[in-house]
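A.B. asks: Residue numbers (my numbering): 3 to 231. Backbone N, C-alpha and C fix where the C-beta goes; we use that ideal spot for every residue, glycine too. Sharing a structure below in structure tokens format, with a few things to ask.
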């Protein structure tokens, strides 16, 4: 092999190595980008759902908030709002349609479970996803227990998905991610409505189509007893 041939092979090897390194970097960047977009999108789903819940309550005909003069002297709610899952799902989906969701298109389906179904756009591709939760009420909070998570044809470990969500760190303080229990704890009572009201879930039985929430007015004295509601 001549000196010229050796130089040619050396240059070719260096170019090939550089090419493969660039390819590896691009693959890693794409994986990171997909994970980031998925995480950001999922956080947006949870926040949008909670916000829509409050919008729905405010839109109910009999849910006019009482005046500030009214003081809570007992642990009884000011009023209870009841609904059906079809009505709530329709309301949620109508509100979702009014808000831009970036690379996400999704809707809510309520059967015996709460299902988030949609597509995630990544690098020009539409990737379907489905997240299935079983909602329960615990001390006025809503526990969303993850039953399954699927992206495309792949099923993902429930706890691993929740770990990614928790790592994002962009959820409100009153939304707790609990990967070990495979659930999301939406602490409604920690969120103040107009600064003086709190909402507590009363019942969420999707199988029986029974959904209800209580609204409380928190006076200065009652705030100290909030944990007793």
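Does DSSP put residue 183 in a helix, a strand or coil?
C.D. replies: helix
A.B. asks: If distances are taken between C-alpha atoms only, which option among 116, 92, 91 and 98 comes closest to residue 136?
C.D. replies: 116
A.B. asks: Since residue 208 contacts residue 143 with CB under 8 Å, what's their CB separation in whole angstroms?
C.D. replies: So it is not a contact: roughly 17 Å between Cβ atoms.
A.B. asks: Using a threshold of 8 Å, state whether the C-beta atoms of residue 181 and residue 158 are closer than that.
C.D. replies: no
A.B. asks: What three-state label does DSSP hand residue 191 in the structure shown?
C.D. replies: helix
A.B. asks: Is the beta carbon of residue 110 less than 8 Å from the beta carbon of residue 95?
C.D. replies: yes
A.B. asks: Could you have a look at residue 85 and say whether DSSP puts it in helix, strand or coil?
C.D. replies: Here residue 85 sits in strand by DSSP.
A.B. asks: Pair every Cβ in the region 117-132 with every Cβ in the region 184-192, then say whether three or more of these pairs are closer than 8 Å.
C.D. replies: no
A.B. asks: Give me the DSSP bridge partner(s) of residue 150.
C.D. replies: 134, per the DSSP bridge assignment.
A.B. asks: Using three-state DSSP, classify residue 210 as helix, strand or coil.
C.D. replies: Looking at residue 210 - three-state DSSP - the assignment turns out to be coil, as it is neither helix nor strand.
A.B. asks: Does the distance from the C-beta atom of residue 87 to that of residue 201 stay below 8 Å?
C.D. replies: The answer is no: Cβ separation not under 8 Å.
A.B. asks: Please state the DSSP three-state secondary structure of residue 157.
C.D. replies: strand
A.B. asks: Give the single residue among 100, 98, 99 and 120 whose Cα lies nearest to the Cα of residue 108.
C.D. replies: 120
A.B. asks: Can you tell which of 216, 178, 154 and 122 has its C-alpha closest to the C-alpha of residue 146?
C.D. replies: When the alpha-carbon of residue 146 is set against those of 216, 178, 154 and 122, the nearest one is in 178.
A.B. asks: Applying the criterion that 16 or more other CB atoms from any shown protein chain within 10 Å of the CB defines a buried residue, is residue 78 buried or exposed?
C.D. replies: Using a 10 angstroms sphere on the CB of residue 78, the tally of other CB atoms stays under 16, which defines it as exposed.
A.B. asks: Between residue 153 and chain B, is the shortest Cβ-Cβ distance under 8 Å, so that the two count as touching?
C.D. replies: Looking at the structure shown, chain B is missing, and only one protein chain is on hand.
A.B. asks: Tell me, please, which residues DSSP counts as bridged to residue 120.
C.D. replies: 108 and 131
A.B. asks: DSSP has residue 177 in a bridge; who is on the other side?
C.D. replies: 188
A.B. asks: In this structure, how does DSSP classify residue 200 when only helix, strand and coil are distinguished?
C.D. replies: strand
A.B. asks: Is the beta carbon of residue 139 less than 8 Å from the beta carbon of residue 205?
C.D. replies: Yes; because the gap between Cβ atoms is below 8 Å, this pair is in contact.
A.B. asks: To the nearest whole angstrom, what separates the beta carbons of residue 218 and residue 80, a pair I think is in contact under 8 Å?
C.D. replies: 6 Å
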